[in-house]
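Here's the structure, in structure tokens; my notes come after.
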RNA sequence: GCGAGAGUGGCGGAAUUGGUAGACGCGCUGGACUUAGGAUCCAGUUCCCUUACGGAGUGGGGGUUCGAGUCCCCCCUUUCGCACCA
């Protein structure tokens, strides 16, 4: 029998996995200490999981990335917090439960049980003693506490407004949950609906959420850019136009005050409140009402499609431009957004594409007030599109000749001095709509009292328990509203008869603070101890998918800032480094899905090939931030490496236990011994670089080279021989933990390899070498010289 | 439309700062050992021409430089995000 065949036979991964998983569990290897030393702490966070089924390849990839880093940090002597939990409330779980006719709670807890077992089998180094389940009262008690704090500080409030409504799920959606005008979860077209809703005033934090992105060098640029654009800050001027006749104010917001002399009409959003106050003539009122109905009945996607022709209706009213006293028509048009600015715009067809199209359609005049430059002029009659760039003002009275920023400043200052305008900053970001008319969520801890109004449930009465009801089907209003035992309460303030708020919270509220609960998960008196949280926080590395860029990853920053403001935390950014891993696709680049039948299960892979091989294949196939096109061929190379190359190396062990902290003197080595020692140190460096960048593929490549080049029979120095072997095992450990631990034991160690330290390269061994530099003249290779590296 | 990435062998990908492009792995080709091998080992593998020498080459075109995958300009393709934000 060949050596390779022997080693394959000996490498019984199932036995090895069981053995070490049990041992690690017994030794509590993954336990984050309760009160860490802040200088030695490492908080490794992965996004907690939505328990909608068992673990899939995406989860697996996410968690093994975090695991490699956690183990690596552990070996470097860090006190590592690497917790896990379940984002257990929410729509998808509820929908899946309804389909199967199982109660959402039963369904969710069952999924958690199965998935937890899978994760434990895959030996992700989570500290399970800190597990958090967001649908259990000991967690959501504190989600409710957060809500009450926000209510008390004026951040949580209730208002009537137009909201995104999913007709299929029969619930409100946050802006972040609407993708291309459709419900993110079920793909149904979202419509606007007027409703009373709870909101979080995240807009109070808009400036800080943008500005503090500059304090996050460890975040990927694309995520920061997405957040900046999502929050969408723009500086401009708010100007009061007036309604002709009544003299009522009609405020507008513009970022182009330099075009204000070109206003030829005004446009109001159909949903704008001010529209109702206008006292239109009956014939116009009727037309406007008809138009309103038509516009609001259109789906979001139709309305927001830039290519559909703009339309609107004249109100019969006129507005006066305060700058020149000109009288212009006032229209209603659904290309104007009610929620942005004042819901009314000044329309400048000559210098705005949308206004141009509208004016052309309805024969409204076009007036040029900006020229491209001093020598080029525009003619309104021959223009085919608006001129939207900056240039000198014309036909603008005293402002003629001013351009760009200067023009904007002059116009703004004038408006302010005359009292009909002021500078204003506007955001695209809207307040976060958090109430959901669904059963499976965290109950909103508010009581509505006819006398006292909105009264928060006192801390002592928390949690407000979500009752286990039989009828949890969505019906357009919260199923809890039909549960009298739940709804009917006495007012905590006056003792009179009162009612609970029937809605539940958006799941994203639950997930906005879970990373804090991990710090102190058993605390019964507080959401977490500030002192303990301050020791662990901020998160040192947060690994998850990029899909959360403008949702969760804004929300958790918002919560952190709020908690800092009210004195519950010291940091004001939750995570110093963010890493987005790529998706796992099938071999053809298609998303894996049950309906396509191309799902590969990490569970069966681990059962067939072993956990270490499966992990290594995933690390090696692509750098962590790129997508992986998974095929079973990915397993071949790493399996050969692990079984045929790495596993037998322990045969070369001579039984000495050299001091692992010491370096050999490179000057005292020569020949093969010298070159393999240099190779070892180069490998140590390359492996560490791979870990730092989470590009384990390069770390593994470096290890493959080292093992390939290692030939014990050429080494006389027994200590050196064993030193190389032991360092190699240590470097493999975070990636293939079971095998490394087994080899470590075979080499004669009793204590875990994860407590044995992490190799540090010997700079002398690397700098001492020379490198060859090509000398080129005119692109031709003329010579090459050897110089010491680093010179 | 706007914004941010990405384009390197048959394939996944190396090459943080400009310095011998293609590390490592897959696949493929040839050989060894074998009754056999889809096992293992050895050798080869960017392309073109070739006995050899040589030439071309990192999406395309231009530029900076002794030297460019890497920096600058234009274009093409592609992925992702936002999408009437006045």
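Residue numbers (the numbering used here): 64 to 854.
The beta carbon of each residue, even a glycine, is placed where N, CA and C say it ideally should be.
* Report yes if the CB atom of residue 588 is closer than 8 angstroms to the CB atom of residue 98, and no otherwise. => Taking the first residue of the first chain as 1, we reach residue 588 at position 525. Taking the first residue of the first chain as 1, we reach residue 98 at position 35. No, the pair does not count as a contact, with Cβ atoms beyond the cut-off.
Quiz prompt | Separation of residue 595 from residue 582, as counted between CA atoms | solution = Here residue 582 refers to the residue found at position 519 of the first chain. Here residue 595 refers to the residue found at position 532 of the first chain. Rounded to whole angstroms, residue 582 to residue 595 spans 7 angstroms at the Cα level.
Handout entry: Own chain residues within Cβ distance below 8 angstroms of residue 307, not counting five before or after
Key = Looking up residue 307 in the first chain gives position 244. Closer than 8 angstroms at Cβ, skipping near neighbours: 380, 381, 382, 383 and 390.
| request: Would you tell me roughly how many angstroms separate the C-alpha atoms of residue 512 and residue 218, rounded to the nearest one? | output: As a first step, residue 512 is located in the first chain; it is residue number 449 there, counting from the start. As a first step, residue 218 is located in the first chain; it is residue number 155 there, counting from the start. Distance between the alpha carbons of residue 512 and residue 218 is about 20 angstroms.
Using DSSP's beta-bridge definition, name the partner residues of residue 512. The sequence position of residue 512 within the first chain is 449, counting from 1. Per DSSP, 516.
- What do you reckon, are the CB atoms on residue 498 and residue 566 nearer than 8 angstroms? Here residue 498 corresponds to residue number 435 of the first chain, with the count starting at 1. Here residue 566 corresponds to residue number 503 of the first chain, with the count starting at 1. Yes, these two residues count as a Cβ contact at 8 angstroms.
Beta-carbon within less than 7 angstroms of residue 630's beta-carbon, same chain only, minus the 5 sequence neighbours each way: which residues are those?
Locating residue 630 in the first chain gives position 567, counting from the first residue. Taken in chain order, the list of residues that qualify is empty.
Original post:
Which residue spans inside the region 342-423 form an unbroken alpha helix (DSSP H) run of at least 4?
Top reply: 345-360 and 363-367
Query raised in the report: Exposed or buried, what is residue 687 when buried is set at 16 or more other beta-carbons lying within 10 Å of its beta-carbon?
Result: What you label residue 687 is simply residue 624 of the first chain in a count that begins at 1. Counting Cβ neighbours within 10 Å, residue 687 comes out buried, since at least 16 surround it.
- Query: Is residue 573 helix, strand or coil by DSSP?
  - Reply: Within the first chain, residue 573 is the residue found at index 510, counting from 1. Residue state, collapsed to three classes: helix.
* For the region 786-795 against the region 803-820, are there 3 or more C-beta pairs whose distance is under 8 angstroms? -> yes
- Locate the alpha helix (DSSP H) running through residue 765, then write down its first and last residues. Here the question's residue 765 lines up with position 702 in the first chain. Element bounds for residue 765: 759-772.
> At a cut of 8 angstroms, does the region 174-186 reach the region 658-675 through at least three beta carbon pairs?
Replying inline: yes
| query | Does the region 797-804 come close enough to the region 71-86 to have 3 or more Cβ pairs within less than 8 angstroms? | reply | yes
**Asked** Using the beta-carbon count (16 or more within 10 Å), is residue 536 buried or exposed?
**Response** As a first step, residue 536 is located in the first chain; it is residue number 473 there, counting from the start. With fewer than 16 Cβ atoms within 10 Å of its Cβ, residue 536 is classed as exposed.
Please list the terminal residues of the continuous alpha helix (DSSP H) segment that includes residue 721. In the first chain, the residue the question calls residue 721 occupies position 658. Unbroken run through residue 721: none, as it is neither H nor E.
| request: Spatial neighbours of residue 66 within its chain, please: CB distance less than 7 angstroms, with the 5 preceding and 5 following residues excluded, ordered by chain position. | output: Taking the first residue of the first chain as position 1, residue 66 is located at position 3. Caution applies to residue 66, whose pLDDT of 46 falls short of 50 and renders its modelled position unreliable; the value that the coordinates give is listed next. Counting only Cβ-Cβ distances below 7 angstroms, and skipping sequence neighbours, we find 711.
Own chain partners of residue 268 with C-beta closer than 7 angstroms, once the 5 adjacent residues on each side are dropped: In the first chain, the residue the question calls residue 268 occupies position 205. 621 and 624, listed in sequence order.
Spatial neighbours of residue 592 in its chain, beta-carbon cut-off 7 angstroms, leaving aside the 5 residues before and after:
Counting from 1 along the first chain, the entry for residue 592 is found at position 529. So the qualifying residues of the chain are 583 and 586.
task: List the residues that DSSP assigns as beta-bridge partners of residue 436.
output: To locate residue 436, count along the first chain from 1; it is residue 373. DSSP links residue 436 through a beta bridge to 439.
**Asked** By how many angstroms is the C-alpha of residue 409 removed from the C-alpha of residue 336?
**Response** One-based indexing of the first chain puts residue 336 at position 273. One-based indexing of the first chain puts residue 409 at position 346. Cα to Cα, residue 336 sits roughly 17 angstroms from residue 409.
Local conformation of residue 70 per DSSP, three classes: The count along the first chain starts at 1 and reaches residue 70 at position 7. Only weak support is given to the placement of residue 70: the predicted model assigns it a pLDDT of 48, under 50, and the question is left unresolved by the model.
With a CB to CB cut of under 8 angstroms and the five nearest residues on each side skipped, what residues in its chain are close to residue 458? For the purposes of this step, residue 458 is taken as residue 395 along the first chain, with counting starting at 1. Once the five neighbours on either side are set aside, the close Cβ partners of residue 458 are 324, 325, 430, 431 and 432.
Is residue 180 buried or exposed, if buried means 16 or more other CB atoms sit within 10 Å of its CB? For the purposes of this step, residue 180 is taken as the residue at position 117 of the first chain. Classification for residue 180: exposed.
TODO: Could you spell out where the alpha helix (DSSP H) holding residue 134 opens and where it closes?
DONE: Residue mapping note: residue 134 aligns to position 71 of the first chain, counting from 1. From DSSP, the alpha helix (DSSP H) with residue 134 extends over 120-138.
Exercise. Excluding sequence positions up to five away, which residues of its chain have a Cβ less than 8 angstroms from the Cβ of residue 127?
Worked result: Counting from 1 along the first chain, the entry for residue 127 is found at position 64. Cβ within range, chain order: 185, 187, 678, 681 and 682.
Item checked: Cβ-based burial, residue 522 [other Cβ within 10 Å; buried from 16] -> Within the first chain, the letter at position 459 stands for residue 522. Under this definition residue 522 is an exposed residue.
Tell me the DSSP secondary structure of residue 110 in three-state form. The residue you call residue 110 lines up with position 47 of the first chain. In this structure, residue 110 counts as coil in the three-state DSSP scheme.
Quick check: what's the CA-CA separation for residue 123 versus residue 665?
Taking the first residue of the first chain as 1, we reach residue 123 at position 60. Taking the first residue of the first chain as 1, we reach residue 665 at position 602. Taking the straight line joining both Cα atoms gives about 7 angstroms.
Where the beta strand (DSSP E) through residue 616 begins and ends: Reading the first chain from its first residue, position 553 is the one you call residue 616. Run containing residue 616: none in the beta strand (DSSP E); it sits in the alpha helix (DSSP H), 615-628.
task: State the CB to CB distance for the pair residue 333 and residue 248, rounded to an integer number of angstroms; the pair is presumed to be in contact (CB under 8 angstroms).
output: The residue you call residue 333 lines up with position 270 of the first chain. The residue you call residue 248 lines up with position 185 of the first chain. About 27 angstroms separates the two Cβ atoms, so there is no contact after all.
Anyone know if the C-beta pair for residue 421 and residue 294 falls short of 8 angstroms?
Counting from 1 along the first chain, the entry for residue 421 is found at position 358. Counting from 1 along the first chain, the entry for residue 294 is found at position 231. Contact: no.
message: Quick check: residue 189 and residue 141, are their CB atoms within less than 8 angstroms of each other?
response: Taking the first chain and counting its residues from 1, one reaches residue 189 at position 126. Taking the first chain and counting its residues from 1, one reaches residue 141 at position 78. Not closer than 8 angstroms, so no.
- Give the secondary structure of residue 644 by DSSP, where H, G and I count as helix, E and B as strand, and everything else as coil. Looking up residue 644 in the first chain gives position 581. Coil at residue 644, not helix or strand.
Query raised in the report: Between residue 548 and residue 530, is the Cβ-Cβ spacing less than 8 angstroms?
Result: Against the first chain, residue 548 aligns to sequence position 485. Against the first chain, residue 530 aligns to sequence position 467. Their beta carbons are under 8 angstroms apart, which means residue 548 touches residue 530 by this criterion.
Exercise for review: Inspect the beta-carbon positions of residue 614 and residue 568 and report whether they are closer than 8 angstroms.
Suggested key: Along the first chain, one-based indexing puts residue 614 at 551. Along the first chain, one-based indexing puts residue 568 at 505. Contact flag unset, no.
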